[in-house]
Amino acid sequence: MDPLIIGSDSSRWALRQTVIVLLSREFVRSCHVSFSAIIVRSFFGTMTCSFSFGGAKEVPRASYLTVASSSLPSQLALATGSSATVGPSKRGSILMERTDESEPLKVTFSGPAKHFTDAAPIGNGRLGAMVWGGVASELLQLNEDTLWTGTPGNYTDPHVPAALVHVRKLVDDGEYADATAAAVNLLGNPSEAYQLLGDLKLDFDDLHLTYTEQTYSRELDLDTATVRVGYYVGNVGFSREYFSSYPDQVIVMKISASKSGCVSFTVSLDSQLHYRSYVKGSSQIIMEGACPGKRIPPEVNDSDPKGIQFCSILDLKISEENGMVSVLDDKKLKVEASDWAILRLVAASSFDGPLTNPIDSKKDPTADAVHALKSIQNLSYLELYARHLSDYQNLFRRVSLKLRKSSSSSSAMGRASLATSEPSSITGLCNKENETGKISTADRIKSFAIDEDPFLVELLFQFGRYLLISCSRPGTQVANLQGIWNKDIAPKWDSAPHLNINLEMNYWPCLPCNLAECQEALFDFLSSLSVNGSKTAERMLQVNYGARGWVIHHKTDIWAKSSPVSGEVVWAMWAMGGAWLCTHLWEHYKYTMDKEFLMDKAYPLLEGCALFLLDWLIEGPDGYLETNPSTSPEHSFIAPDGRPASVSYSTTMDMAIIKEVFSGVVAAAEVLGYSNGDLVNKVRKAQTRLRPIKLAMDGSIMEWAQDFKDPEIHHRHLSHLFGLFPGHTITLELTPDLCTAAAKSLYKRGEDGPGWSTTWKIALWARLYSSEHAYRMVKHLITLVDPDHEVSFHGGLYSNLFAAHPPFQIDANFGFIAAVSEMLVQSTVKDLYLLPALPRDKWGNGWVKGLKARGGVTVNIRWSDGDLNEVDVWSKDWISLHKLHYKGTSVTVDIASHTVYTFDGRLRLMKTCSL
């Protein structure tokens, strides 16, 4: 039985006379626990009360917890009739959170943000904000995921077929440098760029300039997806809470003070985009604007095409007893002497899908924003918060991770069954404090090279899951290079989805980390890409093959751009983007065993991709089917004539991706009963003629079809190792010699590189069961980046745990959690490999709950002193046969649905129970 805390030491909102806290049915259910106590923290003390819901099996629709005045002790009573005496303790605040004997999952800060990467991100998949946490002035940088430059484009070029013939001829003649130069004629126009929404600014009265710095607190609570800011001005405590709700599509902010009539500020909205803002009534600010119809023009001209229109509405409520609101310059709202204020921000755009031109859109963003606000007008702050928690925690709390260093005793990890509850006690995870009782996350990162604090790994793992939930949900756009958080109208690399590693890495963790719903945005986007991609494929290949299938290149945008972008051939000419994305379709089926998804969504897309690949492959001189032209993403070689080049034929990555897609098509066809179809037969024949992986003279895996000289052996991309991870054509069980070669390739590449490269290396070493090297790369990632002295391509973490390229790029945050899950569990549809790359001297004791494995299986694992203690496996909907593997021991288990199977460290079945 766990206590429920109402309050946290981090924020400063005090009890005055009577506080009523609404415990909605949704909130209580979302906590997934039975509470043995209520703890109410305030400036006046901590009050504890045991209670129940009167023995009722059903949680009451609404129970009200009343805390009487500050004269303590006092009575605490529930509407259901339970009561108890409460007594005082130390200072705190009134916030709602679940307690845990381990350290809370919070990203903490020692002061207001000085840079974008010091701010705390919140998001609901579509609406995002970066909370700076200033005192005298506060800034929320706002984003809405459909705000992009441009309009739908023409992704065909009638000159490409002839240019393609010319490039192929040069490649066949061994003129690789000339082929690279000629391949410029295969390129197209730039992609469009992701934009920002604007800024929400709060200016407080001058009294806030005198705040006591030692009392300042700012945190991002990962368990509740809430940012909190607190501080004192004299003897008055101020607190703010921020969250972005998916069920209600609103960003909510609450400002409170411990003393009546002390909340005063001015609020406004503005944007770097073309906009106007105005006040409606006495409680709303409306901001309307437009994205450039052309890519990042210096100014908006009347001749420019109409871009995406947007509207954002900020709604303000203050306490009824005290305070007043006035209008300044018809653009700002001024609050004076209120007890509290609640701000709700909604936004909408005219974007109506990637195939609809904004000028033809029937969507009215202002009307849509008004409707969104009207739909929540009768919901209180606590009701909005409860709905937010219920939705968010249903996803976030599926997976738990606890890590600690080895000890002589395993008892500290507790003996509770992982299938039913958390361990009884976990101590010693981290107990470092500063003068105010907390250490900032930035300081943790700084000290990691010395103390290797396992809690920071936990925090970074769960932060990645938080970000994924916050930037990719059903109905949203895909997570771009920065998720949804962007401060610039000309962001680095356009903040656009890049398909030669970055977009795929964004979605690596969805399946193993139990967030399959977050993948829906990717598959919706893939459907749109296939529409435009079929036009590009037709234009590219009609001279040789006619129109079949679809193709996507290395970079796209909200308009589902399918043709190559302009730029340098070394990165722009790469036709495998759509094929790599298609591997996610088959993986989704392997994890979920969702046959309906496979039939209706996955297979049609796989089929179209396979059709293109069959046509893209051409007869080579030595009997293999070849890709030509072919590049290894962003990497060049020295041709035999001594000239640099990037275009050749049949790079190792091309072949690995095609093998993965073809394997998925054949396997999916078997599941669906399509094995004798014409497409499947052609794919099977093509599989036998694909160029195999070859080894270089030094024993490493060749990146190109020939053993060209590599001018940059420490290159950031690891494209030639795709077959090891995320692919499955290189495995320790089936291809041990190739695994040895892959390890040599990793040694050659070295350890340096941007964040995403570092996390890819973690996953690759994990697949080789090399816990030492995987952990070295974990440690390599966890270094603090100074925004004022960034070093490009050196990786690291910012103070808010955003991963760095630099600059900020979110893919490494997602690559990290996928890689850590690979260290703990690996799987095929029939096999489970337990703790394959666990760094036993670093994370000697620990447990993980809720990871997913292929075959529709969920896994819980507990270990101590580096050895497996207990593992639970179960499946909710499928009956399957799995083989468990650990340290050379294997056992086969017939998994019935809704039954939990518990094994000990020697894989002996201990018990079964109903789920």
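Per my numbering, the very first residue in the sequence shown carries number 116; after that it's consecutive.
Ideal Cβ positions, reconstructed from N, Cα and C, are used throughout, including at glycine.
All values reported here derive from a predicted model rather than from experimental measurement.
- Message: Between 743, 776, 770, which has its C-alpha nearest residue 762's C-alpha?
- Response: 743
- Do you know how far the Cα of residue 893 is from the Cα of residue 910? 12 Å
- Task: For residue 995, name the three-state secondary structure that DSSP assigns.
- Result: strand
- Query: Smallest Cα separation from residue 969: which of 998, 956, 982?
  - Reply: Residue 998 is the option with its Cα nearest to residue 969.
- Span separating the alpha-carbon of residue 555 from that of residue 829: 34 Å
- Query: When the Cα of residue 884 is compared with those of 866, 935, 587, 835, which residue comes out closest?
  - Reply: It is 935 whose Cα lies nearest to the Cα of residue 884.
- Query: Which runs of the alpha helix (DSSP H) fall wholly inside the segment 472 to 532 and span at least 4 residues, in chain order?
  - Reply: 480 to 489, 496 to 511
- Task: Give the single residue among 700, 679, 862 whose Cα lies nearest to the Cα of residue 691.
- Result: 679
- Message: I need the straight-line Cα distance from residue 391 to residue 421, nearest angstrom please.
- Response: 16 Å
- Inter-residue Cα distance where the pair is residue 445 and residue 356: Each residue's alpha carbon lies about 27 Å from the other.
- Consider the Cβ of residue 329: report whether some Cβ of chain D lies at a distance smaller than 7 Å. You won't find chain D in this structure, because it holds only one protein chain.
- Residues bridged to residue 399 by DSSP? Answer is 395, 430, bridged to residue 399.
- Query: How would you call residue 785, buried or exposed, if buried means at least 16 neighbouring beta carbons within 10 angstroms?
  - Reply: exposed
- Three-way DSSP call (helix, strand, coil) for residue 552 in this model: Since pLDDT at residue 552 reaches only 49, below the 50 mark, its modelled position is unreliable, and the value read off the structure follows with that caveat. In the structure shown, residue 552 sits in coil (DSSP, three-state: anything other than H, G, I, E or B).
- Can the beta-carbon of residue 463 be found less than 7 Å from the beta-carbon of residue 483? yes
- So what does DSSP say about residue 458, is it helix, strand or coil? Secondary structure at residue 458: strand, using DSSP grouped into helix, strand and coil.
- Uninterrupted alpha helix (DSSP H) stretches inside the segment 842 to 885 (no shorter than 4 residues): Runs of the alpha helix (DSSP H) inside the segment 842 to 885: 851 to 864, 870 to 882.
- Test item: CB-CB of residue 309 and residue 681 under 7 Å: no
- Query: Contact check, residue 379 vs residue 451 under 8 Å by CB: the rounded distance?
  - Reply: 5 Å
- Task: Count the other C-beta atoms from every protein chain shown that fall within 10 angstroms of the C-beta of residue 760, then say buried if there are 16 or more, exposed otherwise.
- Result: buried
- Query: Smallest Cα separation from residue 946: which of 889, 887, 476, 1009?
  - Reply: 1009
- What's the gap between the Cα of residue 326 and the Cα of residue 303? 55 Å
- Message: Given this structure, state the Cα-to-Cα distance separating residue 1004 from residue 363, to the nearest angstrom.
- Response: 50 Å
- Task: Would you kindly report the start and end of the unbroken beta strand (DSSP E) that includes residue 358?
- Result: Membership of residue 358 in the beta strand (DSSP E) is indicated by the continuous run 351 to 360.
- Item | Residue of 621, 367, 393 minimising C-alpha distance to residue 496 | 367
- Identify whether residue 559 lies in helix, strand or coil by the three-state DSSP scheme. helix
- Is there contact between the segment 635 to 652 and the segment 709 to 726, where contact requires at least three CB pairs shorter than 8 Å? yes
- Item | Own chain residues within Cβ distance below 6 Å of residue 1007, not counting five before or after | 998
- What did DSSP end up calling residue 319 once you bin it into helix, strand or coil? The answer is strand: DSSP assigns residue 319 an E or B state.
- Query: Counting pairs of beta carbons, one from the segment 581 to 591 and one from the segment 792 to 805, are three or more of them closer than 8 Å?
  - Reply: no
- Item | Pair within 7 Å by beta-carbon distance, residue 774 and residue 815 | no
- Query: Is DSSP giving residue 840 helix, strand or coil here?
  - Reply: coil
- Query: Name the DSSP bridge partner or partners of residue 238?
  - Reply: 243
- Thinking just about the alpha-carbon of each residue, which of 952, 322, 736, 277 is nearest to the one in residue 887? 952
- Message: My output table needs one value for residue 154: the three-state DSSP class, helix, strand or coil.
- Response: The pLDDT assigned to residue 154 is 32, lower than 50, so where the model puts this residue is not dependable; a value taken from the coordinates is nonetheless given after this. The answer is strand: DSSP assigns residue 154 an E or B state.
- CB residue 314 to CB residue 256, shorter than 7 Å? Closer than 7 Å, so yes.
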